[in-house]
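Engineer: Residue numbering for the sequence shown follows this note's numbering, beginning at 127 and increasing consecutively. A single structure is presented below for examination.
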Amino acid sequence: MAVDPVRVMPAQVSAAGAAAGLPDLQLLVFAAGLVVLAGLIAMTEAALAAVSPARAAELARDGARGARTLQAVAGDVVRHLNLLLLLRLLAELTATTLVALVAVDTFGAGWRAALVTAGAMTVISFVVVGVGPRTLGRQHAYAVGRAVAPLVRWLGRALNPLASLLILIGNAVTPGRGFREGPFATQVELRELVDLAEQRGVVEHGERQMIHSVFALGDTIAREVMVPRTEMVWIEESKTLSQALALFLRSGFSRIPVIGESVDDVLGVLYLKDLIRRTQGGDPAASRLPVSELMRPATFVPESKPVDDLLSEMQAARNHLVIVVDEYGGTGGLVTIEDILEEIVGEITDEYDVERPPVERLADGAVRVTARLPVETLGELFDVELPADEVETVGGLLAQALGRVPIPGAEAEVAGLRLVAEGTTGRRNRIDTVLVSRVEPTDHPDTTPGRGEPAESRGTQNRAEERQPADA
127 MAVDPVRVMP AQVSAAGAAA GLPDLQLLVF AAGLVVLAGL IAMTEAALAA
177 VSPARAAELA RDGARGARTL QAVAGDVVRH LNLLLLLRLL AELTATTLVA
227 LVAVDTFGAG WRAALVTAGA MTVISFVVVG VGPRTLGRQH AYAVGRAVAP
277 LVRWLGRALN PLASLLILIG NAVTPGRGFR EGPFATQVEL RELVDLAEQR
327 GVVEHGERQM IHSVFALGDT IAREVMVPRT EMVWIEESKT LSQALALFLR
377 SGFSRIPVIG ESVDDVLGVL YLKDLIRRTQ GGDPAASRLP VSELMRPATF
427 VPESKPVDDL LSEMQAARNH LVIVVDEYGG TGGLVTIEDI LEEIVGEITD
477 EYDVERPPVE RLADGAVRVT ARLPVETLGE LFDVELPADE VETVGGLLAQ
527 ALGRVPIPGA EAEVAGLRLV AEGTTGRRNR IDTVLVSRVE PTDHPDTTPG
577 RGEPAESRGT QNRAEERQPA DA
């Protein structure tokens with residue numbers, strides 16, 4: 127009697143295996159379809175993440191098909207990406223579960239089934255979901271985005287409550303503030319992105335510097351970019367137009383402040399084009415008119431005025447020159463639009479500026495270099511190794527050694543080199559060139575430590591001092 131069940135059992139197992147073959151195949155086909163769906167969702171994620179809202183708006187203005195829907199999706203891309211992430215995870219986890227069922231049916235419940243499931247789904251997910259679709263999505267971001275934008279927008283409306291609920295639960299169990307307001311980027315993060323873009327060749331070195339300068343513009347005030355009062359070119363209100371014309375020709379400027387009793391008493395601004403228009407007829411009487419009859423009202427700003435706000439106001443008022451007032455109500459200097467733009471694009475050289483070579487060797491062995499010369503180039507000139515980790519230019523190296531913004535006449539010693547800041551007359555109080563020379567050993571006093579004197583290595587320290595120029 128015991129033999130009969132044993133004889134029947136193989137037949138029963140064989141029949142069960144045959145019956146289970148078709149469901150297993152269906153499960154694998156269903157799992158494969160879910161993996162493909164996850165790949166399509168991953169491609170959509172990559173495409174939407176690479177879409178620029180500005181570019182999408184431009185395509186919408188051009189009338190491209192699907193561009194308006196893409197513009198709407200790109201305007202709220204975080205919400206749609208969260209939804210796509212939810213759908214992709216759902217597809218991948220469901221596919222993994224189906225493959226696990228087939229593996230258990232084939233190998234039995236044990237470590238072999240788990241190992242086969244983990245290995246197969248890792249490889250398949252990495253290739254089919256992680257690499258290929260994402261690469262295609264980034265390469266054809268706008269084509270993919272315009273194609274899937276209507277479906278993504280519809281899903282966003284239909285499933286947004288579910289995605290929002292899951293995000294709310296995640297934020298509740300996550301320490302800290304959570305992610306309720308979407309991603310944000312600090313100025314430091316944006317600067318790092320620009321640096322990374324330069325490393326990958328997306329932006330040039332000069333473009334990177336301009337972008338960094340735009341960020342720094344909000345932290346710059348009028349006092350830092352102004353032409354100081356000691357370097358201002360002005361004219362008294364009693365001077366004639368002929369005298370003013372001579373001053374215009376001699377200075378090369380097109381706008382000159384008009385003063386009263388002193389420089390602190392700025393009455394207006396005289397424009398060269400107004401003077402030419404008034405005197406072009408050759409009337410001798412016009413040339414003898416005082417400049418006060420032709421000057422325009424002056425605009426005054428405090429020296430603490432942020433430069434970015436000042437630039438916007440000057441653009442709106444179509445004003446190219448403003449007078450900077452110090453804390454005591456006196457004239458601190460003046461600022462032109464050119465001065466502000468130079469903070470972004472660097473020195474602007476016109477026909478009146480003296481163009482200097484980047485490197486000028488002098489008879490005494492010293493070298494005059496521009497303040498924007500790269501630190502590496504200076505090190506090659508003198509065959510020394512200079513610290514170039516945090517600064518890129520000679521002017522920045524001098525500022526780092528001083529611990530402050532250098533002015534003409536500032537002096538510092540770095541790695542055996544003496545750096546002396548030089549300025550150009552008629553420009554704002556900043557350095558244009560740096561005079562570089564070697565420090566002779568006799569320049570230092572005897573450093574042999576004596577009683578009660580701590581020993582220190584002169585070779586590892588930078589000596590810096592700032593001397594106020596005689597004409598300041």
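Beta carbons: idealized from backbone N, C-alpha and C, even for Gly. Being a predicted model, the structure only gives us computed values, none of them experimental.
Return the CA-CA distance between residue 463 and residue 536, expressed in angstroms with no decimal places.
Structural biologist: Spanning the alpha carbons of residue 463 and residue 536 requires a straight line of approximately 27 Å.
Engineer: Give the C-beta separation of residue 177 and residue 200 to the nearest angstrom, bearing in mind that I take them to be a contact with Cβ-Cβ under 8 Å.
Structural biologist: Your pair residue 177 and residue 200 checks out as a contact, with CB atoms roughly 5 Å apart and the cut at 8 Å.
Engineer: Using a Cβ distance threshold of 8 Å, determine whether the stretch 334-346 contacts the stretch 454-470, with at least three qualifying pairs required.
Structural biologist: yes
Engineer: At which residues does the beta strand (DSSP E) containing residue 543 begin and terminate?
Structural biologist: 543-549
Engineer: Where does residue 448 fall in DSSP's three states?
Structural biologist: strand
Engineer: Given a cut-off of 8 Å, decide if residue 272 and residue 196 are closer than it, judged by their beta-carbon atoms.
Structural biologist: yes
Engineer: Using only alpha-carbon positions, find the residue among 399, 328, 523, 364 that is nearest to residue 374.
Structural biologist: Looking at the Cα atoms, 399 is the closest of the given residues.
Engineer: Measuring alpha carbon to alpha carbon, tell me which of 213, 161, 229, 169 ends up nearest residue 150.
Structural biologist: Closest in alpha carbon position to residue 150, among 213, 161, 229, 169, is 229.
Engineer: Can you list, in chain order, the stretches of the alpha helix (DSSP H) that have 4 or more residues and sit fully within the stretch 136-221?
Structural biologist: 179-187, 193-201
Engineer: Kindly indicate which three-state DSSP category residue 399 falls into: helix, strand or coil?
Structural biologist: DSSP, read as helix, strand or coil, puts residue 399 in helix.
Engineer: Does the Cβ-Cβ distance between residue 367 and residue 404 come in under 8 Å?
Structural biologist: yes
Engineer: What do you reckon, are the CB atoms on residue 495 and residue 510 nearer than 8 Å?
Structural biologist: Taking 8 Å as the cut-off, the Cβ atoms of residue 495 and residue 510 do not count as close.
Engineer: Roughly how many angstroms separate the alpha carbons of residue 203 and residue 278, rounded to a whole number?
Structural biologist: 10 Å
Engineer: Which term fits residue 419, buried or exposed, when burial requires 16 or more other beta carbons within 10 angstroms of its beta carbon?
Structural biologist: exposed
Engineer: Do you know offhand how far residue 269's Cα is from residue 254's?
Structural biologist: 20 Å
Engineer: Helix, strand or coil, according to DSSP, for residue 457 in the structure here?
Structural biologist: strand
Engineer: If I follow the unbroken beta strand (DSSP E) through residue 428, where does it start and stop?
Structural biologist: Looking at the DSSP string, the run of the beta strand (DSSP E) that includes residue 428 is 426-428.
Engineer: Using CA coordinates, which residue listed in 329, 160, 558 is at the minimum distance from residue 498?
Structural biologist: Nearest to residue 498 by alpha-carbon distance, out of 329, 160, 558, is 558.
Engineer: Starting from residue 499, follow the beta strand (DSSP E) in both directions and report where the run begins and ends.
Structural biologist: Segment: none, residue 499 is in no beta strand (DSSP E) and carries neither H nor E.
Engineer: Terminal residues of the continuous alpha helix (DSSP H) containing residue 383?
Structural biologist: From DSSP, residue 383 is part of no alpha helix (DSSP H) but of the beta strand (DSSP E) over 381-385.
Engineer: Buried or exposed, going by whether 16 or more other CB atoms sit within 10 Å of the CB of residue 157?
Structural biologist: buried
Engineer: Excluding the five sequence neighbours on either side, which residues of its own chain have a C-beta within less than 8 Å of the C-beta of residue 518, listed in chain order?
Structural biologist: Around residue 518: 500, 501.
Engineer: Could you work out which residue in 545, 352, 432 is closest to residue 520 when comparing CA atoms only?
Structural biologist: 545
Engineer: Determine the burial state of residue 460: buried for a count of at least 16 other Cβ atoms within 10 Å of its Cβ, exposed for fewer.
Structural biologist: Counting C-beta atoms within 10 angstroms of its own C-beta, residue 460 has 16 or more neighbours from the protein chains shown and is therefore classed as buried.
Engineer: Between which two residues does the beta strand (DSSP E) carrying residue 364 extend?
Structural biologist: Note, residue 364: premise wrong, no beta strand (DSSP E); not H, not E.
Engineer: Quick one: what's residue 283 bridged to in DSSP?
Structural biologist: Looking at the DSSP assignment, residue 283 forms no beta bridge with any residue, so it has no partner.
Engineer: What's the gap between the Cα of residue 351 and the Cα of residue 361?
Structural biologist: 22 Å
Engineer: If you follow the alpha helix (DSSP H) that residue 261 is part of, which residue opens it and which one closes it?
Structural biologist: 258-265
Engineer: Touching or not, the stretch 231-242 and the stretch 214-222, by the rule of three or more beta carbon pairs under 8 Å?
Structural biologist: no
Engineer: Taking the alpha carbon of residue 413 as the point to measure from, which residue in 207, 421, 281, 402 has its own alpha carbon closest?
Structural biologist: Checking every option, the nearest Cα to that of residue 413 belongs to 402.
Engineer: Between residue 336 and the rest of its own chain, which residues show a CB-CB distance below 7 Å, the 5 nearest in sequence each way excluded?
Structural biologist: The residues 470, 471, in chain order, have a CB closer than 7 Å to that of residue 336 in the same chain once the five nearest residues on each side in sequence are set aside.
Engineer: Roughly how many angstroms separate the alpha carbons of residue 170 and residue 292, rounded to a whole number?
Structural biologist: Roughly 21 Å between the two C-alpha positions.
Engineer: Mind reading off the beta-carbon distance from residue 365 to residue 417? Whole number of angstroms is fine, and I expect it under 8 Å.
Structural biologist: 5 Å
Engineer: Going by DSSP, what residues sit across from residue 519 in a beta bridge?
Structural biologist: According to DSSP, residue pairing for residue 519 in a beta bridge involves 500.
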